[in-house]
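Enquirer: In my numbering, the protein residues as written are 2 to 457.
The following block contains the structure:
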């Protein structure tokens, strides 16, 4: 009997044989009555048309009840969801390994096993997928499994050495998940339609459904180009706006920064490798933000890696008897090779000490995305000039990369950061000093707290 891997990734079920994706079903159910529950495309196509009958968070709270018009237990909805996903396989004579989030508790794992048993799915083992996401040891860094779930994002510390990899429960749970992050993007784009065309795609269920169906295509296009035309049709009329990449990247910036601060609290003084779940790819801008964090390297996870690793370590996950074990540690096999990654300069601890201004004389200049430091004509007074083109005519460049600010030397002048000669790009923090040999005066990087404007 062949083995497949059922990846319960909270916002869906992915079933794979390690080579192909056999089924991939988002966690969405249409509860028409207490006995009529639809999943799959039929439910997805109704999600914004019949919101009072839609349930999505059942895998995250298996012991709970739905908040739909007809209340049904989450376990029953999960059963129907698993039943539908399993039915998509060409044949059902497989046994299965369950790859689950470390956030699931013992009672919930028992409910998952009960669902599989009721469906006749022979489960040979359960494994915490955080240990499957790492293909091999990553020298000189700490590992964090970052998984974006339906309602939250979890950060799990993954321990490693030359012999094994292990994980326990998440070290941090952040209250931003796929639903809220994607909803924020949809609402922002809807507001752009209102501003530019007076058409509000959130006023009618049919228009809202079209907006959410088109959204993934627009965002995927913005991965490679700077702007995309977005068009929606309603009541025989077309409405079009131009969406710019730089604007969309700002939508969830505050949520991304909250994730970064949580990471810095977890591992402030270590180099870190972020092992990102495939769901990170569903949140536009997240991977781009994470790759620039100070002290961090990124390791992506393709949709079938979890299955490949589970099948590779099947003998350690399966007990070989009738007992189903929950595996949270795996010994590397002899063919495993280290993953050689180079983390960014700096450490996560610097995030709480990130400068906002450069103090030159008695004036504090706000730091923008990209600027150059230039000398005035008398060559004795330093001025910071904002130049979005950045044509390399300045002495050095100050550039934001995510939450990291970097200082880069450009010309023949000798630039010193904290009295050390600047020869390669360096991350900067509040309190750092910069001066140029042969010229008087020192500029200081400072952090200025932003005050909210008083309400009228």
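We put the beta carbon where it would ideally sit given N, CA and C, even for glycine.
1) Would you report the Cα separation of residue 180 and residue 330, rounded to the nearest angstrom?
2) Give the secondary structure of residue 143 by DSSP, where H, G and I count as helix, E and B as strand, and everything else as coil.
3) Specify the secondary structure class of residue 234 as computed by DSSP and reduced to three states.
4) Note down the Cα distance separating residue 10 from residue 425, rounded to an integer number of angstroms.
5) With distances taken between CB atoms, is the gap from residue 134 to residue 276 smaller than 7 Å?
6) What are the partner residues of residue 24, as DSSP defines its beta bridges?
7) Exposed or buried, residue 97, counting other C-beta atoms within 10 Å across all chains shown (16 or more means buried)?
8) Assign residue 93 to one of three DSSP states: helix, strand, or coil.
9) Ignore the nearest five residues each way along the sequence and tell me which others in residue 152's own chain have a CB closer than 7 Å to its CB.
10) Could you tell me whether the Cβ atoms of residue 352 and residue 255 are closer together than 7 Å?
11) Buried or exposed: which applies to residue 129, given that a residue is buried once 16 or more other Cβ atoms fall within 10 Å of its Cβ?
12) Quick check: the stretch 80-90 against the stretch 118-126, are there 3 or more CB pairs under 8 Å?
13) With distances taken from CA atoms, which of 437, 182, 359 is nearest residue 285?
14) Pop quiz: residue 203 and residue 191 are said to be a contact at Cβ under 8 Å. What is the actual Cβ separation, rounded to whole angstroms?
15) Out of 139, 401, 337, which one is the CA nearest neighbour of residue 368?
16) How far does the alpha helix (DSSP H) with residue 247 in it extend, from its first residue to its last?
17) Given this structure, state the Cα-to-Cα distance separating residue 430 from residue 349, to the nearest angstrom.
18) Considering only the beta carbon of each residue, do residue 156 and residue 274 sit closer than 7 Å?
19) With distances taken between CB atoms, is the gap from residue 81 to residue 36 smaller than 7 Å?
20) Label residue 161 either buried or exposed according to how many other C-beta atoms from any shown protein chain fall within 10 Å of its C-beta, with 16 as the threshold for buried.
Expert: Taking the definition as stated:
1) Distance between the alpha carbons of residue 180 and residue 330 is about 31 Å.
2) Under the three-state reduction of DSSP output, residue 143 falls in the strand class.
3) strand
4) 41 Å
5) yes
6) 16
7) Residue 97 comes out buried.
8) coil
9) 58, 61, 178, 180
10) In this structure, residue 255 does not lie closer than 7 Å to residue 352 by Cβ.
11) buried
12) yes
13) 182
14) 5 Å
15) 401
16) 246-250
17) 11 Å
18) no
19) no
20) buried
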